[in-house]
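Below is one structure; the comments refer to it alone.
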Amino acid sequence: MVDNAKLKDVAKEVISREDVRLLIGYRPGTYGFRARPAFVENSDQVDELIFSPACVSNLSSYLTLEEKTPLPRGVEPDLRKVAVMVKGCDSRALVQQLVEKAYDREHILVLGIPCRGVVDMAKVENRFPGVISGEIAMEGDNLVFSFDGKEETVPKEELLAEKCKRCRYPTPLISDLLLDDEVERFADDDYSDITAMEGKSTEEKWAFWEEQFSRCIRCYSCRNVCPMCYCEDCVLDRLKPVWARRSVDISENTVYHISRAYHLAGRCIQCGECERVCPVDIPLMLLNRKFYRDVEELYDYEPGIKVEEKPLLSTFSVDDKEDFIL
Amino acid sequence: MAEETREGFEPNIVAFLCNWCSYAGADLAGTSRIQYPSNVRVIRVMCTGRVNPLFVMNALQQGADGVLVSGCHPGDCHYMQGNYYARRRFTLMRNFLEYLGVDPARVRMSWVSASEGSKWKEVIEEVVEGVKAVGPMDQFKRRQLNW
Amino acid sequence: MNGRPKIGVYICHCGINIAHTVDVDEVVKFASTLPDVIVARDYRYMCSDPGQALIVEDINNMGLNRVVVASCSPRMHEPTFRKTLITAGLNPYFLEMANIREQCSWVHEDKIAGTEKAKRLVESAVVKVRRLEPLEVKEVDVEPSALIIGAGIAGIQAALDIADAGFKVYLVEKTPSVGGHMAQLDKTFPTLDCSACILTPKMVDVANHPNIELLTYSQVEDISGYVGNFEVKVRKKSRFVDVDKCTGCGACAEVCRQAGRIPNEFDEGLGMRGAIYIPFPQAVPAKYTIDKENCLFLSRGKCGESPKCQEACEAGAINFELQDEIVEFKVGTIIVATGFDIFDARKKPEYAYGVYDNVVNALEFERLVSASGPTGGNVVIPQRGKKKKKKEDEEELGPVIPKNITFIQCVGSRDKSVGNEYCSRVCCMYTAKQAHLVKDKIPDAEITIFYMDVRAFGKGYEEFYDRVRREGIRYIRGNPSEIFKRGDKLVVKAEDTLTATPLEHETDMVVLSVGLEPRSDRREIIDILKLSSSPDLFYLEAHPKLRPVDTATDGIFLAGCCQGPKDIPDAVGQAKGAASAAMILLASGKVKVEAQTSVVDEATCRGCGFCVEVCPYSAIELVEINRAGWPVMVARVNEALCKGCGACSAACLSGSIQQRSFRDTQILPQIEVLGVK
Amino acid sequence: MAEKVLKKEKVGEALKELSKFRLFAPSKSNGTILYKQIEDPSDACLDFGNTTVPAKKIVFPQTETLFRFMLGNPELKEKNVEEEGTTVVFGIRPCDARAMGIVDNLFSWDYQDPYYLKRRELTTLVGLACIQPPSINCFCTSVGGEPFSEENLDVLLVDLGEMYLFKAITEKGEKLKTTLGSQLDEAPSDAVKKSGELADKANVQIKRTIDTKGIPEKLPTLWENELWKRVSAACLGCGICTYLCPTCHCFDIQDEVEGAEGRRARMWDSCMFREYTLHASGHNPRPTRRERTRNRINHKYSYFPSKFQVIACVGCGRCINLCPVNIDILEILGQVVDA
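Residue numbers (this note's numbering), protein chains in the order written: chain S, 94 to 419; chain V, 255 to 401; chain U, 10 to 686; chain C, 4 to 342.
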């Protein structure tokens with residue numbers, strides 16, 4: 094577990110540096126067991142910073158989210174570093190952003206958090222409903238919930254986020270400062286969810302997805318939260334040409350989800366944020382992971398691992414499989 | 255889908271052909287007066303590398319019952335690599351559409367060279383037969399929903 | 010541009026070719042109902058003069074600004090109708106064709122179905138033409154000079170040809186002398202003329218040619234730009250010898266404290282040189298070079314009291330302060346002639362190369378038989394590097410003359426186990442030549458050649474092979490599996506595959522006919538010029554048959570073995586081909602560039618570089634722009650390099666890079682009308 | 004007048020009866036509670052907190068045709084909402100019903116929106132009182148609502164354990180009572196009293212509260228306050244808080260063409276989207292999430308009350324519960340109060 098006192102010390106040091114403009118970390122949420130992103134601009138603000146299994150957000154999204162509003166003439170842009178706290182999974186987003194030249198490596202200062210998993214907040218809130226304020230800590234293989242002056246211990250696999258149960262990279266793959274000892278890989282991915290879906294008949298598959306996609310309200314939270322979705326102007330918002338109409342129906346929703354998932358092929362780093370934020374519980378990772386598995390199986394490629402890697406769909410091998418081609 | 259509608263169902267297939275090989279191959283089929291089904295409508299692009307896999311999705315949404323992308327054989331691309339990029343992109347998109355419940359018979363790819371007029375006919379026949387067998391596109395085709 | 014689209018649709022009967030299965034009247038009627046169609050007409054032969062005149066007339070009288078011709082394949086008559094538009098004063102790219110002959114009337118007999126399809130194709134052309142934009146066919150000027158990288162025989166030949174044609178040539182060579190591998194050879198097959206005798210005059214010519222600027226001991230550092238306008242940066246490595254003063258007398262080399270201690274690259278390490286050296290006597294330029302790794306003064310800061318070479322040089326040419334120099338210049342075209350490496354036989358450990366002194370590779374053998382070589386042309390068993398280590402009491406052994414010599418072909422060629430599937434094309438012949446040379450020098454030598462197949466495909470080659478065989482040289486078909494020592498002798502274990510007999514063959518010396526490989530430093534040029542490689546890792550030509558000396562990048566050509574193994578006549582032939590291709594550009598002084606190129610919307614481009622990666626022509630680069638005060642990277646297309654394939658458009662996630670005439674906004678409407686029945 | 008009750012074992016029958024109308028009730032889909040048009044009563048789920056998407060989508064659909072047209076033909080074919088017929092929303096929470104009343108102001112102000120108003124007229128709202136606040140972020144009592152609020156409802160159901168107290172509030176409610184007829188039973192004598200006790204209990208279970216008095220007047224003075232930057236820093240710019248807000252009512256209008264036929268449709272829009280205020284010129288008067296967040300709060304707590312004398316927020320807590328990054332309107336309002 095990251096020592097929160099040490100975390101604050103490090104943060105204080107980092108934000109005091111002249112070449113650092115902003116530090117993005119976590120702070121306690123406004124209710125329940127929640128934690129939320131924190132944006133620290135000076136050392137007075139570091140005291141609220143924490144890290145706990147409640148820190149589910151992938152903060153790397155914020156590196157590309159910040160608007161660059163037109164600068165008045167004569168005003169120089171503030172190009173100092175942004176420090177960002179990342180877990181293992183989140184760090185892969187940074188790697189992939191660097192692969193895609195979203196910014197220069199010198200632009201960021203990475204505070205790596207070796208991570209043993211974060212909770213699935215929906216499960217937590219189901220387990221402990223109505224809690225106004227509480228904290229979560231990890232002790233060994235248990236999660237300890239403190240609230241209303243009491244403590245409850247739950248084995249972590251019961252409330253861990255799904256993505257953590259198949260996490261291959263618990264220790265950040267890129268970091269300038271590691272906030273804790275490295276964590277050995279404790280899980281792996283067998284893609285059983287994908288193979289199960291693939292095993293269904295064509296009719297069953299579509300029946301499943303039709304139901305999922307018809308729930309979609311097109312709030313775009315899956316896209317906006319995604320650290321890999323950072324186009325200035327998303328093609329799905331365009332009116333010229335129209336790839337997906339704004340109307341919400343099964344056809345447009347399906348097209349939206351195909352486009353979103355395809356645009357993440359070879360780019361999704363499995364942080365699971367899209368699925369986490371979906372208000373109508375569409376299993377978005379079941380889409381992304383299909384591409385992820387195929388890409389790994391067919392092209393021996395895992396995105397977000399190496400900064401020097403070339404983007405998947407900008408490369409090829411003459412030996413790529415083509416058994417379906419006439 | 256009722257059997258009656260499948261009976262006599264003439265699918266509508268949109269094909270993207272590269273200018274240098276497959277379009278020329280289709281031209282050759284014409285010059286050689288090789289007869290084949292008229293269900294395929296061609297959009298000419300310079301290279302299969304230009305074909306965004308989202309075109310496939312778009313065609314299926316806009317009413318096509320099947321989509322064909324055809325280019326130069328590997329190694330023969332006029333632009334050297336375009337068909338290799340296309341192959342990767344399409345493999346993934348085809349697998350994905352299948353995963354959603356779109357029959358893979360609707361999403362086809364072929365290599366037809368400028369000299370393969372008769373292969374072009376065979377490809378068309380196979381694609382048309384395949385789409386006929388799975389019937390009209392009925393998943394996410396844009397319908398006049400709640401209009 | 011021209012305000013609202015005003016479209017004319019022209020449907021061709023093509024005699025009866027179209028009309029017999031397409032109801033042209035119905036198509037005309039249908040076309041005239043389509044949005045923005047001002048006129049729809051049919052004519053017997055649209056491509057005829059009166060047919061074209063019809064279009065011109067309508068453009069002039071009705072103010073048409075877009076034209077659809079529904080006729081034969083655009084691959085046939087698109088250029089014709091583009092010209093028609095130009096005649097009428099319209100931009101030629103306001104044309105779209107519907108192929109209702111090759112892909113409709115000729116392939117569908119059913120008139121109803123054919124007519125229906127023709128309507129769809131016409132509609133598809135109409136919706137596209139509405140959205141087309143005028144394009145400009147641009148020309149760029151060509152700088153009248155060429156860069157040639159590599160001064161082996163291919164580079165030398167290309168340089169001489171271009172220089173003779175009157176254009177400036179920069180010839181860059183990495184090593185201290187021009188000449189390349191050919192200079193190392195003794196005689197050349199099948200004519201047995203002396204390699205040096207035919208090469209050295211050309212070497213001297215490049216040095217003296219008024220149009221050639223020779224940059225030896227130099228390396229290309231960076232190249233930017235595009236066809237006609239390349240900016241080149243070359244590093245002239247310091248020789249620590251002022252070449253203007255050096256007379257090539259050699260006094261320095263004699264006194265060098267390292268003399269005779271450093272293996273000479275030119276002799277494949279069989280001979281020795283000092284730290285200051287000239288690679289071989291006929292080197293061009295005949296100037297000395299200090300090898301700074303081995304020079305005591307340069308590497309350790311101290312060479313006795315003071316460097317002897319400096320004392321010995323009467324011209325005062327030696328200057329340890331000399332620095333590398335960067336030279337920059339512009340050229341219009343580039344020829345890559347960087348050559349090859351020989352296969353490293355250590356990768357076949359069963360042949361014990363590097364283990365036994367009497368296993369040598371063919372290039373080493375070439376130096377052994379050469380009169381200018383370390384043994385003065387005597388074929389002896391080399392004793393590498395051991396001479397100096399001999400114990401005092403040991404008697405100096407005289408040179409050992411091998412009486413039984415064995416050659417093994419296809420070492421590192423046609424061999425998947427080492428990753429080289431290809432045939433190196435020269436080994437069969439040089440082996441025959443070397444066998445012949447041995448026979449010449451040691452008439453009683455027994456010579457055996459193990460081979461897989463003998464490929465004697467060139468002019469006079471089969472005849473030469475036949476002659477060598479008749480000289481009593483034994484050819485055994487079979488690939489040896491092992492070489493080991495038994496007493497003084499080497500034993501070659503093999504199977505004669507013609508008789509299926511396993512055999513152990515005793516011999517004094519084994520020569521490995523090593524194949525040709527891509528240079529180990531091949532990536533340097535790939536990185537600078539963004540060349541592609543074929544699967545064998547040699548540089549890739551633009552088309553294996555019809556553009557064998559071109560690369561994917563306009564204005565860059567290939568010559569010699571960097572593109573694949575070649576013998577000397579082929580290398581020279583290709584060099585002349587590359588020179589001629591380069592001279593077409595240089596002589597015309599202008600080059601036309603593709604109009605249907607890609608273009609970037611810099612407002613939405615996110616600078617990810619996917620397009621840069623996919624572009625086979627290196628036509629796209631990332632540049633920094635100022636976006637409302639912020640520095641951001643965006644892609645930019647060099648229209649002189651773009652070939653209009655559109656791969657970038659499909660790679661772009663934000664739709665920011667679009668191929669002109671094939672934009673998403675132009676293709677999606679086509680999909681729509683073809684999809685909606 | 005004797006009160007009626009709907010026994011729980013008769014809910015199925017009742018729904019069956021109501022399904023002759025366009026009947027909507029909460030339904031579980033993949034664990035998510037959403038309103039669904041009910042044909043099979045077993046699809047309905049009355050044991051729920053609150054629906055993820057508010058009932059506004061029934062009267063103000065996310066995508067709605069206004070009229071249809073044929074290309075090249077000046078005739079328009081207007082959507083006839085009347086054809087949809089009587090609609091019953093069964094199990095709407097009091098906050099969502101209150102929200103409809105608030106939105107009514109907007110659609111019947113300078114322009115009488117025929118589509119919305121017709122649909123409202125055709126719709127009967129059968130409320131389900133909150134015995135317990137559905138979430139810890141419920142704060143209806145701070146913005147003029149109550150767990151048992153009858154405002155805007157035609158019927159209020161109160162869960163008494165074995166049965167629901169069926170309280171018809173309006174004429175529409177009475178009509179529905181008649182429709183159900185035999186499905187309803189006489190209420191036990193203590194039912195009303197019990198319901199009152201439950202209401203009192205429910206009121207005090209609302210744990211999060213804020214004193215909204217003075218906020219509408221104060222907000223305009225905080226236009227440039229640095230609080231906006233702070234509270235919006237984590238915002239993702241998605242549409243969750245607005246799409247799922249029962250009072251948010253912004254829409255966009257688009258024409259869609261399908262072959263020769265087309266339609267003009269309106270669809271939900273969100274002020275949290277970048278394109279919401281993006282001009283064709285590229286200029287955006289609300290260029291960042293700061294301005295957009297400020298607008299969202301101001302719209303609900305300042306502009307709307309200044310025009311219609313009611314805060315455009317019913318305290319359902321959805322925007323807090325579902326915000327991916329825990330942006331909390333109560334916290335923001337707290338900061339407004341403290342500023």
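All C-beta atoms, glycine included, are put in the ideal place defined by N, C-alpha and C.
Note that the structure is predicted; figures quoted are calculated from it, not measured.
| query | result |
| --- | --- |
| Please report the straight-line C-alpha distance between K399 of chain S and Q190 of chain S, rounded to a whole angstrom. | 11 Å |
| Could you tell me which chain C residues have their CB closer than 8 Å to the CB of R166 of chain S, listed as they occur along the chain? | Going along chain C, no residue has its Cβ under 8 Å from R166 of chain S, so there is no contact; the nearest lies around 16 Å. |
| Is DSSP giving Y326 of chain S helix, strand or coil here? | Per the sequence shown, residue 326 of chain S should be read as Asp rather than Tyr. The answer is coil: DSSP assigns D326 of chain S none of H, G, I, E or B. |
| To the nearest angstrom, how far is the alpha carbon of K396 of chain U from that of N273 of chain U? | Note that K396 of chain U scores 49 on pLDDT, short of 50, meaning its location in the model is unreliable and no value can be drawn from it. |
| Out of U:I666, U:K196, U:G98, state which residue places its alpha-carbon closest to the alpha-carbon of L377 of chain U. | U:K196 |
| Determine whether the Cβ of P574 of chain U lies closer than 9 Å to any Cβ atom of chain C. | no |
| Which runs of the alpha helix (DSSP H) fall wholly inside the segment 232 to 279 of chain U and span at least 4 residues, in chain order? | 260 to 264 |
| Would you report the Cα separation of R287 of chain V and C113 of chain U, rounded to the nearest angstrom? | 10 Å |
| So L406 of chain S and A262 of chain U are in contact, right, with Cβ under 8 Å, and what is the actual spacing, rounded? | About 57 Å separates the two Cβ atoms, so there is no contact after all. |
| At which residues does the alpha helix (DSSP H) containing R84 of chain U begin and terminate? | 83 to 96 |
| Beta-carbon within less than 7 Å of L567 of chain U's beta-carbon, same chain only, minus the 5 sequence neighbours each way: which residues are those? | V345, Y548, E550, V558, T560, A587 |
| Could you tell me if F279 of chain S is buried or exposed, where buried requires 16 or more neighbouring beta carbons within 10 angstroms of its beta carbon? | exposed |
| From E66 of chain U to S133 of chain U, what does the alpha carbon distance come to, in whole angstroms? | 24 Å |
| Find out if the Cβ-Cβ distance for the pair K403 of chain S, E622 of chain U is shorter than 9 Å. | yes |
| Assuming G365 of chain S and E218 of chain S are in contact, meaning their beta carbons sit under 8 Å apart, how far apart are those beta carbons, in whole angstroms? | Not really, about 17 Å apart at Cβ, beyond 8 Å. |
| What residues from the segment 625 to 643 of chain U come within 9 Å of chain S, judged by C-beta to C-beta, listed N to C? | L631, R636, A637, G638, W639, P640, V641, M642 |
| Does the beta-carbon distance from N370 of chain U to L525 of chain U come in below 9 Å? | no |
| Identify the contact partners of A358 of chain S in chain V, using a Cβ-Cβ distance below 7 Å as the criterion. | L346 |
| Run through the DSSP bridge pairs and tell me what M363 of chain V is partnered with. | V:V323 |
| Closest Cβ-Cβ distance between A262 of chain U and chain V: below 9 Å? | no |
| According to a CB-to-CB cut-off of less than 9 Å, which residues of the segment 338 to 368 of chain S neighbour chain V? | R338, S340, D342, I343, S344, E345, N346, T347, V348, H350, I351, S352, A354, Y355, H356, A358, G359 |
| So with Cβ pairs under 9 Å, would you call F350 of chain V a contact of chain S? | yes |
| Going by CA-CA distance only, name the one from U:G237, U:D300, U:A644 that's closest to A284 of chain U. | U:D300 |
| Output yes if chain U places a C-beta closer than 9 Å to the C-beta of D326 of chain S; else output no. | yes |
| Per DSSP, which one or two residues make a beta bridge with V345 of chain U? | U:I158, U:L567 |
| So if DSSP puts R556 of chain U in a beta bridge, which residue, or which two residues, is it bridged to? | U:H552 |
| Would you check if the distance between the CB atom of S80 of chain U and the CB atom of R110 of chain U is smaller than 9 Å? | yes |
| Can we say the segment 289 to 306 of chain V touches the segment 663 to 676 of chain U, given the rule of at least three CB pairs closer than 8 Å? | yes |
| Can you pull out the residues from the segment 664 to 682 of chain U whose beta carbon lies closer than 7 Å to at least one beta carbon of chain S? | G664, D673, T674, L677 |
| Which chain S residues are close to S364 of chain V, counting only those with a beta carbon under 9 Å from its beta carbon? | I418, L419 |
| Taking Cβ-Cβ distances shorter than 8 Å, what residues in chain A pair up with V685 of chain U? | The structure shown has no chain A; the protein chains it does contain are S, V, U and C. |
| Name the residues in the segment 308 to 322 of chain V whose C-beta lies less than 8 Å from a C-beta of chain S; which are they? | L308, M311, N312, Q315 |
| Assuming G257 of chain U contacts K211 of chain U under a Cβ cut-off of 8 Å, what Cβ separation, rounded to an integer in Å, is found between them? | With a Cβ gap of about 19 Å, G257 of chain U and K211 of chain U do not count as contacting. |
| Work out the CA separation of C617 of chain U and G265 of chain C for me, nearest whole Å. | 38 Å |
| Would you give the residue range spanned by the beta strand (DSSP E) that K599 of chain U belongs to? | 599 to 602 |
| Just to confirm, is the Cβ distance from M231 of chain S to L204 of chain S under 9 Å? | no |
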